[in-house]
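Data first, discussion second: the structure below is written as structure tokens.
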Amino acid sequence: MLIPLTRKKFEELLPPVGTGDQYRYCWGKPRDFLQRLLVSVMAIVVAVIIEVVSHDRFAIVTFSLGIIAGLYWLWEPAYRAGRRNAECRKYEYGGFWQGEVLDVYVTQELIGKEETVNSKGDLVIVENRERCLNLEVGDESGFTTQMQVPLVRPHKVIRRGDTVEMIVMSNREDLSRISKLSDIYLPDHNLWVSDYPYLRRDAFLYVSRQLRRRQMR
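If you're matching positions, the sequence shown starts at 9 in the numbering used here and goes up one per residue.
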């Protein structure tokens with residue numbers, strides 16, 4: 009099932025400003041925070057040096073830039089979330105799609121390599137692998153697509169035949185060519201499957217409930 013959305017509803021589901029879930033995602037791990045903090049500190053030091061060298065001639069400018077750069081650790085995740093949202097909102101049309109799980113399985117994916125030295129002094133390359141959930145979904149029209157995300161414990165309840173819902177994006181008014189997909193929602197388990205939380209989830213759940221009520225009439 010594919011139901012076209014109005015532009016207003018589409019933009020409501022994909023807001024221009026990052027949601028709380030998106031901000032938390034972009035905040036990253038402690039290592040990411042420390043990297044941003046280091047950039048902020050270095051920027052403040054540069055701003056102070058420029059102010060000293062220029063003998064306060066650009067005090068207002070350097071002070072303003074120093075404040076912005078000093079808060080880089082705080083606003084950079086919001087900026088990245090907004091950029092991701094903008095990539096989705098550039099599509100002209102969106103639709104609410106409902107289908108089912110066709111297949112679900114787990115794989116081990118290579119996410120990086122590290123060089124280290126063993127006890128004998130030999131150089132060893134260590135492969136970092138991550139368990140990932142692979143979800144294939146489709147509908148009665150023959151449309152199928154796949155999503156791969158890091159595996160988490162709640163994913164173990166997913167079974168073939170489970171209902172799935174998501175937003176699809178396209179530059180064609182009839183949505184005959186899908187260019188991008190949102191995160192997937194499984195109403196049977198009240199479970200989201202995604203790497204990045206594209207949608208404003210409260211708005212999506214409202215649309216989902218409204219459409220299910222129509223189906224039941």
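Backbone N, C-alpha and C fix where the C-beta goes; we use that ideal spot for every residue, glycine too.
How far does the alpha helix (DSSP H) with Glu19 in it reach, from first residue to last?
-> Element bounds for Glu19: 15-21.
Of the listed residues Pro12, Thr14, Leu13, Glu19, nearest to Arg208 (C-alpha basis) = With distances taken between Cα atoms, Arg208 lies closest to Glu19.
Is the CB-CB distance between Pro12 and Gly102 below 9 Å?
-> Yes, the pair counts as a contact, with Cβ atoms nearer than the cut-off.
How big is the Cα-Cα spacing for Ser190 and Val201?
-> Linking Ser190 to Val201 through their CA atoms gives a straight-line distance of about 10 Å.
Exposed or buried, what is Thr152 when buried is set at 16 or more other beta-carbons lying within 10 Å of its beta-carbon?
-> The residue in question, Thr152, is exposed, as its Cβ has fewer than 16 Cβ neighbours within 10 Å.
What's the C-alpha gap between Val69 and Glu59?
-> Just so you know, the alpha carbons of Val69 and Glu59 end up roughly 9 Å apart.
Among Leu213, Pro205, Arg222, the one whose alpha carbon lies nearest that of Gly26 = Answer by Cα proximity: Pro205.
Endpoints, beta strand (DSSP E) assigned at Gly169 | Counted as a single uninterrupted DSSP element, the stretch harbouring Gly169 is not any beta strand (DSSP E), since DSSP gives it neither H nor E.
Might you give, ordered along the chain, the residues of its own chain that have their beta carbon closer than 8 Å to the beta carbon of Tyr99, omitting 5 neighbours on each side?
-> Counting only Cβ-Cβ distances below 8 Å, and skipping sequence neighbours, we find Met177, Ser178, Asn179, Ser187, Lys188.
Is Arg185 helix, strand or coil by DSSP?
-> Residue state, collapsed to three classes: coil.
DSSP on Val132, reduced to helix/strand/coil?
-> In the displayed model, Val132 falls within a strand according to three-state DSSP.
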